[in-house]
Each structure stands twice: as C-alpha cells, then as structure tokens.
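K.L.:
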Amino acid sequence: MYDFAVVGVGPAGARFARRAAESGYDVVAFEKGSVGTPLACSGHVSTDIWEYVPEEAKERLLQNRVYGANFRVGGPDTRAYPFYKREEVSNVIDRVELDRTLADCARDAGADVREGHTVTGVEERHDGVELTVSSGGETSAVEAKMVAGCDGPISRVRRAVGLPEPGETLHGVLAFDDEPDDGDFVDVLLTVPRFFAWRIPRGDAGVEYGLAAPPGAEVNEMFDALTGAYDVETDHFCSGAIPIGPPDRVTTRRVFLVGDAAAQTKPFTGGGILYGMTAADCAVETISPDDPATLRDYESAWREELSSEIALGHWIRRAYSLPESVQQLGLRALSGEIAVHMDKPTSFFSRDHLAKLVGR
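Residue numbers (UniProt numbering): 1 to 360.
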C-alpha cells in the first residue's frame with residue numbers, strides 16, 4: 001500500500017512525486033510510455049522554470065532567451081505591435097529534456113518512477129484506491145491510499161472516477177523548422193478563431209510554429225496557411241489537446257487531479273507547466289494520505305493560488321475575438337515596454353506596469 005500513486009509523469013506529476021517523496025511519503029509514479037514523449041507542448045516558458053530544476057540543468061535545457069513578443073492582427077507582413085522588457089521575459093527550453101529532468105528529480109528524491117506502465121483501471125474504495133497497471137503484456141494491481149491523476153487533458157483517471165470535464169478543450173498543433181534563429185521576440189498572430197498562432201525562435205534548435213483553435217476548426221489547413229505565410233517547410237509535426245477552464249471539482253474521496261487533468265492552465269495561452277507545478281506544490285503542502293478530508297484543503301489552496309490569474313486570463317482571451325479595428329486600437333495603446341509577468345495577468349495592474357503605461 002503506497003501513500004500516493006501518481007498517474008502521468010509530465011511536469012505536474014513529476015513535481016508532485018518529487019515533493020511528496022521529499023516529505024517522506026512512499027510514492028510510485030506511472031508513465032505509459034517514455035517520459036517526455038511524444039512531444040505535444042511548446043517549450044516557451046517564463047524564467048520561473050529554473051526554480052523547479054537543478055541549477056546545473058539550465059545549460060542543458062536552455063535554447064533561447066526571449067525579451068518580448070510582436071503581436072500582429074494579420075499575417076507576418078502586417079504591422080507588429082511590440083511588447084517587451086529590457087531583461088528576459090521568458091526562455092525557450094528543450095521541452096522533452098525538461099520532462100526527463102523533472103522525472104529524474106523525482107527518482108532522486110526516492111519516488112519509484114516506472115516508465116512503460118499504463119494504468120487501465122482505477123477502483124476507488126473506502127480505505128484506498130486499486131490501480132490496474134499494464135506493462136510488457138502483463139497486468140498487475142497496485143494499491144495506494146490516494147491517487148494523483150496527472151495524466152493530461154484526456155485524463156483516464158478523471159473519467160474513471162467520474163470527475164467533471166474541463167470547460168473547453170482546444171486542438172493545438174505545432175512543428176519545427178531546423179533553421180537556427182536566436183531572435184529576441186516571439187510572434188503572436190491573432191489570425192485563428194478564438195485563439196492565436198505563434199512563431200518561437202529556438203536558437204540553434206531552429207524555430208517552432210504553432211496554433212490552437214476550438215473543436216471543429218480546420219487546424220491543419222490553418223497551420224499550412226501559417227507556414228505558407230512564413231514561406232517555411234516544417235517537420236516533427238505534433239498535435240494535442242489543450243484544456244481550458246477548470247471544473248468545479250477536481251477531487252473525490254481518494255483521488256485528486258493536478259495539471260492538465262484538472263485544466264490548471266492559462267486560458268490566454270494554453271500553457272500549463274508552471275500552473276500545474278504550482279498546484280502540485282499545493283497538493284503536497286495540504287494533502288495527508290491518511291486523511292481524505294485534507295483534499296478539501298487542496299481544492300481551496302490551488303484555487304486561492306491560481307483562480308484570479310485564470311479568471312483574468314479568460315478576459316484576456318476574449319480580446320482575441322474582438323473586431324480587428326478594436327484589436328488594433330488596443331494594441332496601439334498598450335504596446336511598448338511592459339512590467340508584466342507572462343504567467344500572472346494580474347501583474348498588468350502592478351505599480352511597476354502601470355508606471356510604464358503612464359510614462360509613455
């Protein structure tokens with residue numbers, strides 16, 4: 001009987017496994033394939049990422065430093081509205097290697113991380129949870145006092161225990177051009193229904209192109225139009241779901257969701273790496289495997305930490321659907337030097353950022 005079984009070893013699952021093991025709990029974590037693959041997520045993150053990995057990992061993970069973004073209402077040849085800082089706004093990292101590094105941190109802390117193990121069943125009981133786990137053609141049963149469902153936007157754990165679905169699931173696609181580019185700015189193109197497309201320079205690793213759109217949109221056709229507008233050929237095409245809008249409840253009596261499984265993501269970008277790991281820390285700090293009542297504390301803690309950012313993120317996303325003339329007016333008024341944190345939209349109202357706006 002483990003204290004915690006973790007299903008999914010992406011950033012949220014690895015972070016929870018590491019922190020729980022460091023706290024003295026007996027932790028087992030299952031990843032259905034190899035950690036980090038297949039790639040289905042951008043590697044553009046805030047500089048806060050370095051608080052979660054060993055210092056020596058930065059040189060291996062870092063691909064490029066980003067100082068701002070050029071927003072465009074049309075294609076790459078239309079007017080750019082720059083938002084920038086004089087110091088780094090964000091970094092581009094090796095996304096696959098990030099997952100592997102975080103999983104290694106969990107192993108080093110004492111968690112039993114098992115790759116090539118697929119959880120096919122979740123049976124919740126009064127005193128624990130029994131997982132059915134398949135590996136190498138064999139099936140076994142694993143018991144834990146509690147289960148952390150960290151298995152992504154299409155969460156098997158979430159559905160097995162009857163927890164609500166995210167408010168919305170977008171379809172994201174991305175691919176890469178191998179031509180090196182160490183540019184200082186990413187491109188954000190407001191040319192996709194209810195979301196956006198992007199171009200991210202990755203240093204010697206090349207360039208990432210991507211977009212996300214609501215269900216029913218022809219994302220492949222839009223992606224072809226995007227790369228055609230930049231006149232590039234891409235490879236390593238990736239596709240995945242992006243959950244937006246956490247449900248009202250992410251816990252049962254013995255199961256709790258973390259990360260994309262709980263839709264703990266930024267509504268205005270779809271990114272969830274930092275939000276998921278923040279929620280993982282909340283889980284470790286509040287949940288006792290011997291006391292199911294502490295799951296209520298987790299529900300309160302992660303929402304207190306993230307709900308304001310998520311709520312404001314929904315409002316920012318609404319601006320993507322405004323008429324083009326209104327978008328241009330807003331971008332013209334707000335562009336320039338900023339003091340905003342890319343993971344914290346509430347920082348738009350910070351004293352430092354308001355001073356930047358007034359000083360223009």
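A virtual CB, placed ideally from N, CA and C, is assigned to each residue, including glycine.
Pick helix, strand or coil for Gly116, following the three-state DSSP scheme.
P.N.:
The answer is coil: DSSP assigns Gly116 none of H, G, I, E or B.
K.L.:
Please give the ranges of any alpha helix (DSSP H) in the region 237-296, keeping only runs that are unbroken, at least 4 residues long and fully inside the region.
P.N.:
Fully enclosed alpha helix (DSSP H) runs of 4 or longer: 273-286.
K.L.:
Could you tell me the alpha carbon to alpha carbon distance between Leu170 and Asp99, rounded to whole angstroms?
P.N.:
Approximately 22 Å between the Cα atoms of the pair.
K.L.:
Hey, Ala29 and Val9: beta-carbon distance below 8 Å or not?
P.N.:
A contact, by the Cβ cut-off of 8 Å.
K.L.:
Taking the continuous beta strand (DSSP E) assigned at Gly210, which residues delimit it?
P.N.:
Start and end: 207-213.
K.L.:
What three-state label does DSSP hand Leu354 in the structure shown?
P.N.:
Helix, per DSSP.
K.L.:
What does the Cβ neighbour count give for Pro38, buried or exposed, with the cut at 16 atoms within 10 Å?
P.N.:
Exposed.
K.L.:
Per the DSSP calculation, Phe71 is bridged to which residue(s)?
P.N.:
The partner list for Phe71 (beta bridge, DSSP) reads Tyr81, Val188.
K.L.:
Determine whether the beta carbon atoms of Leu189 and Arg72 lie at a separation below 8 Å.
P.N.:
Taking 8 Å as the Cβ cut-off, Leu189 and Arg72 qualify as a contacting pair.
K.L.:
Please name the residue, chosen from Ala109, Val45, Met1, that lies closest to Glu22 on a Cα-to-Cα basis.
P.N.:
The candidate whose alpha carbon is nearest that of Glu22 is Ala109.
K.L.:
Only counting the same chain, and skipping five residues up and downstream in sequence, which positions put a Cβ closer than 8 Å to that of Glu51?
P.N.:
So no residue of the chain qualifies.
K.L.:
If we ignore side chains and look at the alpha-carbon of each, how far apart do Ser126 and Ala111 end up?
P.N.:
For the sequence presented, residue 126 should be read as His rather than Ser. Roughly 25 Å between the two C-alpha positions.
K.L.:
Keeping to the same chain, check which residues put their C-beta closer than 7 Å to that of Thr286; ignore five residues upstream and five downstream.
P.N.:
Once the five neighbours on either side are set aside, the close Cβ partners of Thr286 are Thr294, Asp297, Tyr298, Ala301.
K.L.:
Between the Cα of Asp290 and the Cα atoms of Gly228, Arg253, Leu174, Phe195, which residue gives the shortest distance?
P.N.:
Closest option to Asp290, Cα to Cα, is Arg253.
K.L.:
Using only the alpha-carbon positions, how far apart do His44 and Val92 sit?
P.N.:
Near 5 Å, if we compare the C-alpha coordinates of Val92 and His44.
K.L.:
Tell whether a beta-carbon distance below 8 Å holds between Gly172 and Gly13.
P.N.:
No. Outside cutoff.
K.L.:
Might you give, ordered along the chain, the residues of its own chain that have their beta carbon closer than 8 Å to the beta carbon of Asp204, omitting 5 neighbours on each side?
P.N.:
Excluding positions up to five away in sequence, the list reads Gln63, Pro180, Asp182.
K.L.:
Less than 8 Å between the CB atoms is what I'm expecting for Arg19 and Ala280, so what's the real figure, rounded?
P.N.:
About 7 Å; that satisfies the 8 Å criterion.
K.L.:
Which of the three DSSP states, helix, strand or coil, is assigned to Val89?
P.N.:
Of the three classes helix, strand and coil, the one that applies to Val89 here is coil, per DSSP.
K.L.:
Going along the chain, which residues of its own chain have a beta-carbon closer than 7 Å to the beta-carbon of Asp178, five neighbours each way excluded?
P.N.:
Only Gly206 meet the Cβ criterion.
K.L.:
Please report how far the alpha carbon of Glu324 lies from the alpha carbon of Thr191, in whole angstroms.
P.N.:
Rounded to whole angstroms, Glu324 to Thr191 spans 10 Å at the Cα level.
K.L.:
Closest to Ile49 by CA distance: which of Ser350, Gly276, His353 is it?
P.N.:
Among Ser350, Gly276, His353, the Cα nearest to that of Ile49 belongs to Gly276.
K.L.:
Is the number of C-beta pairs between the region 262-270 and the region 226-234 that are closer than 8 Å three or more?
P.N.:
No contact exists between the region 262-270 and the region 226-234.
K.L.:
I'd like the list of long-range same chain contacts for Ser42, defined as Cβ closer than 8 Å, with 5 residues on each side in sequence excluded.
P.N.:
Arg95, Leu174, Trp198, Ile200, Glu208, Gly210, Gly271.
K.L.:
Buried or exposed: Glu221, going by 16 or more other Cβ atoms within 10 Å of its Cβ?
P.N.:
Glu221 comes out exposed.
K.L.:
From this set, Val255, Ala283, Ile273, which residue's C-alpha is nearest Gly128's C-alpha?
P.N.:
Of the candidates Val255, Ala283, Ile273, the one whose C-alpha sits nearest the C-alpha of Gly128 is Val255.
K.L.:
Along the chain, where does the beta strand (DSSP E) containing Met146 start, and where does it finish?
P.N.:
Taken as a continuous stretch (DSSP letters only), the beta strand (DSSP E) holding Met146 covers 138-149.
K.L.:
Tell whether a beta-carbon distance below 8 Å holds between Phe349 and Gly313.
P.N.:
No. Outside cutoff.
K.L.:
Determine the direct distance from the alpha carbon of His353 to that of Ser239, and round the result to whole angstroms.
P.N.:
In a straight line, the C-alpha of Ser239 is about 35 Å away from that of His353.
K.L.:
At the level of alpha carbons, what is the spacing between Arg15 and Leu131?
P.N.:
Cα to Cα, the separation comes out at about 21 Å.
K.L.:
For the putative contact between Asn70 and Asp187, defined by C-beta atoms under 8 Å, what is the C-beta separation to the nearest angstrom?
P.N.:
Going by Cβ atoms, the distance from Asn70 to Asp187 rounds to 5 Å, so yes, they are a contact pair.
K.L.:
Tell me the DSSP bridge mates of Thr169?
P.N.:
BP columns for Thr169 point to Pro243.
K.L.:
Can we count Phe4 as close to the ligand GDP, meaning its CB is less than 7 Å from some heavy atom?
P.N.:
Inclusion of the ligand GDP in the displayed structure is not the case, the ligand content being empty and no account of it being possible.
K.L.:
Among residues of its own chain, excluding the 5 on either side of Met1, which ones have a beta-carbon nearer than 8 Å to its beta-carbon?
P.N.:
Counting only Cβ-Cβ distances below 8 Å, and skipping sequence neighbours, we find Gly128, Glu143, Ala144, Lys145.
K.L.:
Find out if the Cβ-Cβ distance for the pair Leu331, Tyr81 is shorter than 8 Å.
P.N.:
It is a contact, given that the beta carbons lie within the stated cut-off.
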